[in-house]
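Trainee: Protein chains in written order, with my numbering: chain A, 1 to 147; chain B, 1001 to 1166. Ideal placement from N, C-alpha and C gives every residue a C-beta, glycine not left out. These numbers come from a predicted model, not from an experiment.
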Amino acid sequence: MEQFAALVRAKDNKPLRYLIVDDSIFARKNLAKMLESFGGEVAGEAGDGCTAITEYERLHPDLVLMDITMPQMEGIEAAERIVRQYPQARVVMVSSVGYQENIVAALQKGARHFVQKPVKADVLYEVVRYVMGDDVLTPQTVGAGGQ
Amino acid sequence: MKMELIQPFINSADAVLAQSLQCETRVGDVSMEEETYRRKGVAAIIEINGDIEGRIILDTDPRTAMHIAAHLAAGEVEASDDLVRETICELANMVIGNAITSLNDQGFRFKISPPQVHAAEQGLSGNEETEALVMCFETPKGSVFMNIAMHYNRRRKEERTAAVAG
């Protein structure tokens, strides 16, 4: 897998911690590999929206990657519940269903961005950087800050 | 079954397989399924509900499924591994999700169910209303079959026609 400049948290220079939510074990493994190639740490995984909420409360990850079509509770509802309780939560929807209504609904419920499957690592990397904003550093910005 | 319904699935399968397997794909045989569907090996089924209703099955023989899973997992997997079935389910999810994104942009409204492993020896057959079309996509890992059986939701279609006329 392609390697990327590591993304670290600005506040403590530690790896970004992610929660991956997808009912497909394959999809979770695939995303985990990409996030690790960004220098990140997978803090937890969930296979449905209900588990995602409890895992968010337990882990408080820096970023959540959330599928939409899942059993029990769909991703948009889970994202809404997480963001309602934790307004600072950063949730990125990751789904093969990328029509406009779905994207708009997800953004209205508090998601920060949308990535369509199949996920391209370089696209996901840029989305993570964008969504984390000033709370993430890359080696270049670490170096610039230190001079 | 209208071509306007089929084409997005062909385009999507072609694009998703090519991107996921990082290879060229070729659309092989296309046929109408008259007999009851019999799966070829590892199959995932997704149901569609809304303006269009029906189901789509993505299916490969066990050896091809294992090769695809090994490629995507970047490692060896066993034919009996759950990861093989998961991989085919996720491929189906991506193919169908991308296709319905395209159809939704054309004005059709519907939802898909999460993919399920299709374990029965026989599935739904086509009928007068729900014809089943089987397409074969040739990839370097082997053949991937897509079996589509769907039809317009008559009530929704009448409502749409009435709305346009009104």
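1. What's the C-alpha gap between V136 of chain A and R9 of chain A?
2. Could you name the residues of the same chain whose beta carbon sits closer than 7 Å to that of L1072 of chain B, not counting the 5 residues immediately before and after it, in chain order?
3. For the stretch 1077–1139 of chain B, list the beta strand (DSSP E) runs that are entirely contained and at least 3 residues long, ordered along the chain.
4. So, with DSSP's three-state summary, where would you put V94 of chain A?
5. Closer than 7 Å by C-beta to A32 of chain A: which residues in its own chain qualify, once you throw out the five before and the five after it? Chain order, please.
6. Need the endpoints of the alpha helix (DSSP H) that D1014 of chain B sits in, please.
7. Going straight from the alpha carbon of E1138 of chain B to that of V1084 of chain B, what length do you get?
8. Answer with yes or no whether the minimum CB distance from K117 of chain A to chain B is below 8 Å.
9. Assuming Q116 of chain A and G133 of chain A form a contact by the criterion Cβ under 8 Å, report the distance between their Cβ atoms to the nearest whole angstrom.
10. Would you say S1031 of chain B faces chain A, with C-beta separation under 8 Å as the test?
11. Name, please, each residue of chain A whose Cβ falls closer than 9 Å to the Cβ of D1105 of chain B.
12. What is the DSSP secondary structure of F26 of chain A, reduced to helix, strand or coil?
13. Can you tell me the Cα-Cα spacing of T1025 of chain B and L1017 of chain B, whole angstroms?
14. Which bits of chain A does M1003 of chain B rub up against, with CB to CB less than 8 Å?
15. Kindly list, in the order they appear in chain A, the residues whose Cβ is closer than 7 Å to that of N1011 of chain B.
16. Using a Cβ-Cβ cut-off of less than 9 Å, give me the residues of the stretch 11–31 of chain A that come near chain B, in sequence order.
17. Taking its Cβ as the centre, do 16 or more other Cβ atoms sit within 10 Å of A1074 of chain B, making it buried, or is it exposed?
18. At 4 residues or longer, what runs of the alpha helix (DSSP H) sit wholly inside the stretch 22–78 of chain A?
19. Under the DSSP definition of a beta bridge, which residues are partnered with H1071 of chain B?
20. Can you confirm whether T69 of chain A, when its beta carbon is compared against all beta carbons of chain B, has any partner nearer than 8 Å?
21. Is the shortest distance between the beta-carbon of S37 of chain A and the beta-carbons of chain B less than 8 Å?
Mentor: In terms of the structure at hand:
1. When rounded, the distance between both Cα atoms is 5 Å.
2. For L1072 of chain B, where only same-chain residues beyond five positions count, the Cβ hits under 7 Å are S1020, T1087.
3. 1110–1112, 1132–1139
4. strand
5. The residues are I20, V42.
6. 1003–1021
7. 19 Å
8. yes
9. About 22 Å separates the two Cβ atoms, so there is no contact after all.
10. no
11. Y99, Q100
12. helix
13. 7 Å
14. In chain order: nothing, as chain A lies at least about 20 Å away.
15. Going along chain A, no residue has its Cβ under 7 Å from N1011 of chain B, so there is no contact; the nearest lies around 14 Å.
16. Within the stretch 11–31 of chain A, the residues whose Cβ lies closer than 9 Å to any Cβ of chain B are, in chain order, D22, D23, S24, I25, F26, A27, K29, N30.
17. The residue is exposed, with fewer than 16 neighbouring Cβ atoms inside 10 Å.
18. 25–37, 49–59
19. Bridge partners of H1071 of chain B: none, in fact.
20. yes
21. Proximity of S37 of chain A to chain B, defined by a Cβ-Cβ separation below 8 Å, is not satisfied.
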